[in-house]
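Chains as they are written, first to last, in the working numbering: chain U, 1 to 403; chain A, 404 to 696; chain C, 697 to 1318.
Right, one structure below, let's go through it.
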C-alpha cells in the first residue's frame, strides 16, 4: 500500500510537469516574413525523392527572395523530416500549423505521405499544393484545398505512351506484356491505366503482379516474367525498385524489346549510375519535366540548380519548384494569404505557368493535362512524345535499335 | 520444368546466403540463450563497411571479407561487454528488449553515417550470370554460396575440433559444469557473441553485392533469420543450414507460383506454424522452458 | 524510543498517502482538462500519449501480470483503427466514434487468438511469435484490398462537430478509455483472477496444480489486454482521419508501448501511464529538434538498452523500493522470528482417525512412465483407502516423485490408469484434477515468490466458475478463508510478507495452506518432514492428523521412518518404479523385499513421536 502511494506521488509530479509545458501557448507568428512549412521524407524508403524535392523548394526560395520575395516580404521555408512515415508526416504538419504557425504549406513527396498530410491541411483550411499527389485516391474525398502540381494523375501517367504503342502498326507492336508494379497508391494505378489501353489494343497480359515496398530481390519476379514470355515490360516503380528490376533483368538475360518504367528513369544521373548507360538506353518513362524544355523560368531554374547542387535538376526537384510556383501565383493573384479558400478558388479558375509547362485543374484539384513521354538515349533524357514537343525523332528499343 | 529447376537454383543459392547469416544467430542462441534481434542490423552494418571499403579504396568485396570480419568481431565483442553481458542471465524479455534496442541504435547510427538512400556495391560480377543452356546462375550468388560453404565449414571445424570450440559447446550445454572444469564462461560467452557477429562480416559483405540495402532493411532480415533458426531448430547449426535452404527455395517458389507479395509472408507463417506445431524445429532439441508442463 | 525526526515524519505513511492522493487528483484534473491548453501541439502530444498509455495499460495485463512479453500490442491499436475506418467508410452517416466498442471487441477476439498460441509456446518462442504475428497482421492489411484498400489506406471523413469543440471529443473519449482500462487493471489485481495470472507468471506449472486453469486464464487476460486498446485505436484512427498498413502496424509502436510499460514499472497500476506520458513527449521532442528519422531511433534504442541494464524494474517499483528501504532502515524483518509454539494443541491425544469406510479413493493401475531409456515408473499399482494416511516409501530414484507427478497431472503416463473415486483422471489437466479434489505439495517448495503469503493462499481455485474468478483477493470471503487457513498452519503473522522471503520450513506450511484452499479430498505431500527442524516436524504431524480427522485422505512420500510409522497406516513401498510391498508398518518392516531394497537388514524402529500410540518394536535380528 505504501508502494502505491509512492507511485502515485511520482505520477502526480510528472503530470504536473506535462501540464506546465502545455500551458504556454505555441510560438507567436512572425509577420515580417512569409513562412512556408513542408514535411518531406528526408530519410527512409523514399528519401531520394524527398531530398530532391527539398532542393527544388530551396532553389525556389532563394530565387524568389532575390527577386524581392513574396508580396514584398522575404520567404522562409521550414522543412521537417517525416522519415517516410505517415504518422510523422501528420504530426509534422500539425506542428507546422500550430507550433511554428506557418503562413503557407507545401506538400510532401509521394502519394503515400500526402494522402494523410492533405487531410491535416484540409482540417485547418489551408491550401495544400502538392508536388507529388498522383494517386487518384487523393481526389475522391471531396477536399477543396488540395491541388496537384503536375500534369495528370497516376492512372493517366502512362496514357500517352500506351496510346502510342497501341497505335503502332501490328508488325511493330509487341504481342505480350508484363505489368509488375510496386504496391503503392501511385505506381499501381499508373500501370493499371496503361494496361487498360494496351490490352484493349490486343496486347495480351501474360504477367501482372504487385510487389511490396520492401522487395529487394527481383530475380524471382524477373524469372516469372521471362517464363511468361513478355515482349514488353510496363513497370510501376518509384525509384530503387526500377533500378533493381533492370539489374535483375540483365542477370537473367531477359530482354524484352520495350521497357517502360514510371518515375524511376526520371531520377537523372542517379538512375544512370544505378543501371548503367547501356541498360538505360531505350527505357521509356512518363515525365512531368524536361530540363531543356522552354517553360516558365526553366532556364534560370536549371542554371541555379546546377550551380547549387552540381547536377541537372531531376524530376522531383522540378516538381517541387513547380509546386512553389503554383502557390506563389495564387498568393500573388489574391494579394494576401489570410483566406486560403480564395486562393483555392483562384487556382480552380486559372492556369499557372510553371517549369513543367502550363498547369490547370478540375474542381477536385486533379490536374488537366498530359504527361510527356521521355526516353534515355545516349545518356541523355529526351522527350519523344507527344511528337509536337519532342526533342528527338528517334524512338529506340530497349538497349538499342530503332523501333 | 526449366522454370522449376531455375527456381530451385535461385532458391538454393539465396538459401546459402541466408545460411551464412543465420549461422551466427543460432550459435549465439545455442550458447547464451540470447535471441539477438540485432543480428539483421549487424549484417547491414557489415554491408555498409564493405561498401565504404569498396567506394573509398576500390577494394573488391570478396577481398575485404577478412577485414570486415575482423572489424565485426571487435564490434561484437564490444557490444557484448557493454550490453549483453548485463542481461545474459536475466529473463528472456530483457535480452529481447536489449538486443532490439541495439538494433534501433545501429539503424539510427548507420542512417547518420551513410544516409538513408539505397546503397549497393557494383562489381563485374554483381550483374552477370553464367548460362547453363536455358538456365542462368547469377555470378554473385554463386560466389556467395562458395564463401558461405567456406565460412560455415570453418565454423563447424572450430566448434568441433578446437579447444575453443569445445569450451563453447561445454558452456552451452552445462554452464555450471563448464565452470567447474576451468572454462572461463564469461570469456566464452563474449567469444561466442563476437564470433556470431563476425560471421556476419562475410554475410554482410556478400549481401552488399546481391541486394541493395539501407538501414531500415534490417527488419526484413531479422524476420527472415528468425524464421530460419526457428525452422531449423534454435541452436542447431545443421538445422540453420537446412532451414535457410528451405526458406530460400520457399520464397522464390512463392513469387513464382503465388505472387510477388507472398514471399514477405513466408518467414512469418513459418515462424508461427513451426512454433505451434513443432517448437523444437526440424533438428533442434526441445527447450525446457518452452515445454508446456 | 526513537525520536521522530523531520525525515521520518516525511516518511510517515499517513502523510504520504494524503499528499500523493492530492497529487494524483491534481494530475487527473490536469489531464482531463488538457484541451483547455492554448498549445495545439501539446494537445496533440497528450492525445498520442493517451493512446500509448491505453496500449501500455493493456499490455500490463499480459506482460506485467501474466509475464508474457508481447511485441505485438501495437497491432491491436491498428486493428481497432482499421475496424473503425472500415465501418466508417461503409456507413458514412454514422458518427465514427460509435464504432469504438465493436473495434474493441474485434481486437479482443484477435488477441485471444494470439492467446491460444501460448498453449504451445512460452518464453523466447512466444516473443518471436508475437513479432511474426504483428507482421502477419500487417501483411493481411496490405493484401486484403477489398476490405482494407491495401497500401492506399482508408481515409475517414473529417470530424463534423462544431469547430469550437476542437479536440475535446477525441480527448474525452480517450480519457474515458484510459480510466476504464485502469479500472479493469486495478480490479483484476484485486481478484482471484489476478492472483491466478501472477501465479502463472511466477510458476505456471505450479499454478496448474492449485487449480488455476492456465489456458482459460491466459485467454481471458489476452482478451482483456486488447479490449480498450482496440477502442482507443478506433478513436485514434478517426483523429488521424487516415489509416494505412505501414503506419498502423509499425513495430516501433509496439516497441514504444513495451518501453512505456517497463519504464513506468510493469505490474504496477500507474506505471504504464507514467511511462507513456514520458515517452510520447520525448518522441515528439526527438522528431522536432533533431528532425525525425535517425535521431529518434538512436534515442529510443539507447533508452531501451539503458533501461534494461540500469532500471529493469522501472521507475515506480524502484522508487517504491528506495522509499521502503529508507523507511525500514534499522528495523528487523519478520523472517528471523522464531516460529512460536501453537497456542492450542491442534490434535489432542484423543483424536482418532476416522473410521475406515472401506472405499478406495485413489486407484493406481499399471502406471508406466519412461524418459528416454529410463523407466522411471514401471508397472506401478496401488490403492489409497479413503480416510487413510498412506505412505509411499522407497529408495531414491524409485520413482516416487514421478508417481506424484503422474497423479497430480504434472506429467501424463505412457500407459496405465489412475482412478479417483472411480473416475479415470490420468488424461486430465492438472487443474481439472485439482478441481476434483487433489492437492499436492512439492519437495522443493514452489510458492509464488513475488506475491505475499496471503495472496499465495488466495490464488488457488477450488472450482472453475466465472464468479469464482471475480472474487476479491485482499478482502471478502476468500481472503477471510485464507486467513483462517494461515492461522491453522500457524503462519498468520506472515500474512503480508513476500513469499520469497520465507524460510524453507515456513514455505512448506504456506504451501500446505494453499493446498487446503482447494478443499481437497486427497492431499499428496512430497517429503513433508524433509529439511525442517523437529518442532516443525511435530507440527506437520499434528496438522496432518487434525485434517485427517476431518476426513481428508493423505498420501505421503517420506524418508523419515519414525515420522511415517507414527503417522501412517497403509504403507506402499516403491522400488525401481514398481510397488514391491504393501501393508501396515509392522508388516513392512518385516518384509524381506523391503529390507533388501530400502530399509536395510539392521533397521531399528526407534521410539515414535509422543502424540501417537504405536508400540515400540524390537530389533529384528538379521
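Each residue gets a CB set at the ideal place from its N, CA and C atoms; glycine is no exception.
As the structure is a prediction and not an experimental result, all values here were calculated from the model.
Between the beta-carbon of residue 1198 of chain C and that of residue 1206 of chain C there is about 7 Å, and that keeps the pair under the 8 Å contact cut. Rounded to whole angstroms, residue 337 of chain U and residue 343 of chain U show a C-alpha spacing of 7 Å.
For residue 829 of chain C, the C-beta contacts it makes with chain A under 8 Å involve 671 and 675, in order along the chain. In the three-state reduction of the DSSP assignment, residue 1074 of chain C falls in the strand class. Flagged as an interface residue toward chain C: residue 90 of chain U, by a C-beta distance shorter than 7 Å. Along the segment 201-222 of chain U, the positions whose C-beta sits under 8 Å from a C-beta of chain A are 209, 210, 211, 212, 214, 215, 216, 217, 219, 220 and 221, read in chain order. Residue-level contact by beta carbon holds for residue 659 of chain A and chain U, with a gap shorter than 7 Å.
When DSSP states are grouped into helix, strand and coil, residue 367 of chain U belongs to the strand group. DSSP, reduced to helix, strand and coil, places residue 966 of chain C outside both helices and strands of the structure shown, so it counts as coil. Cβ-Cβ separation between residue 776 of chain C and residue 800 of chain C: approximately 7 Å, consistent with a contact (criterion under 8 Å).
Here residue 232 of chain U carries a strand assignment [DSSP, helix/strand/coil]. Inclusion of residue 645 of chain A and residue 635 of chain A in the CB contact set at 7 Å is warranted, their separation being smaller than that value. In chain order, 848 make up the part of chain C whose C-beta sits under 7 Å from the C-beta of residue 135 of chain U. The secondary-structure analysis by DSSP pairs residue 102 of chain U with nothing; it has no beta-bridge partner. The continuous alpha helix (DSSP H) containing residue 316 of chain U extends over residues 315-334. Against residue 256 of chain U, chain A offers no close residue; the least beta-carbon distance is about 16 Å (beta-carbon pairs closer than 7 Å).
Looking at A/660, A/622, A/655 and A/684, the one whose alpha-carbon comes closest to that of residue 503 of chain A is A/622.
Closer than 7 Å to the CB of residue 537 of chain A there is not a single CB belonging to chain U. The secondary-structure analysis by DSSP pairs residue 540 of chain A across a beta bridge with A/533. With three or more CB-CB distances shorter than 8 Å, the segment 536-551 of chain A counts as touching the segment 408-425 of chain A.
Apart from the 5 residues on each side of it in sequence, residue 1216 of chain C sits with its Cβ closer than 7 Å to the Cβ of 1133, 1134, 1135 and 1248 in its chain, given in chain order. Of all C-beta pairs linking the segment 845-859 of chain C to the segment 896-913 of chain C, fewer than three are shorter than 8 Å, placing the two stretches out of contact. Residue 236 of chain U is a Cβ neighbour of residue 182 of chain U, given a cutoff of 7 Å. Note on geometry: alpha-carbon atoms of residue 1259 of chain C and residue 1095 of chain C lie some 21 Å from one another.
Chain-order list of chain C residues neighbouring residue 622 of chain A: 947, by C-beta distance under 8 Å. Residue 1176 of chain C is positioned such that its CB atom lies no closer than 7 Å to that of residue 1154 of chain C.
Residue burial annotation: residue 188 of chain U is buried, with at least 16 other C-beta atoms found within 10 angstroms of its C-beta. For residue 143 of chain U, same chain residues with a beta-carbon under 7 Å away, outside a window of 5 residues either side, are 118, 122 and 365 in chain order.
At a beta-carbon threshold of 8 Å, none of the residues of chain A lie near residue 262 of chain U; the nearest stands roughly 17 Å away.
Along the segment 607-622 of chain A, the positions whose C-beta sits under 9 Å from a C-beta of chain U are 613, 614, 615, 616, 617, 618, 619, 620 and 622, read in chain order. For residue 1231 of chain C, the secondary structure class from DSSP, reduced to helix, strand or coil, is helix. Per the coordinates, the alpha-carbon of residue 727 of chain C lies some 39 Å from the alpha-carbon of residue 184 of chain U. Interface criterion met: the Cβ of residue 520 of chain A is under 7 Å from a Cβ in chain U. Taking a C-beta distance under 7 Å as the contact criterion, residue 570 of chain A and residue 584 of chain A do not qualify as a contact pair. Unbroken alpha helix (DSSP H) stretches of 4 residues or longer found wholly inside the segment 117-186 of chain U: 159-166, given in chain order. Assignment of residue 1196 of chain C by DSSP, reduced to helix, strand and coil, places it in the helix class.
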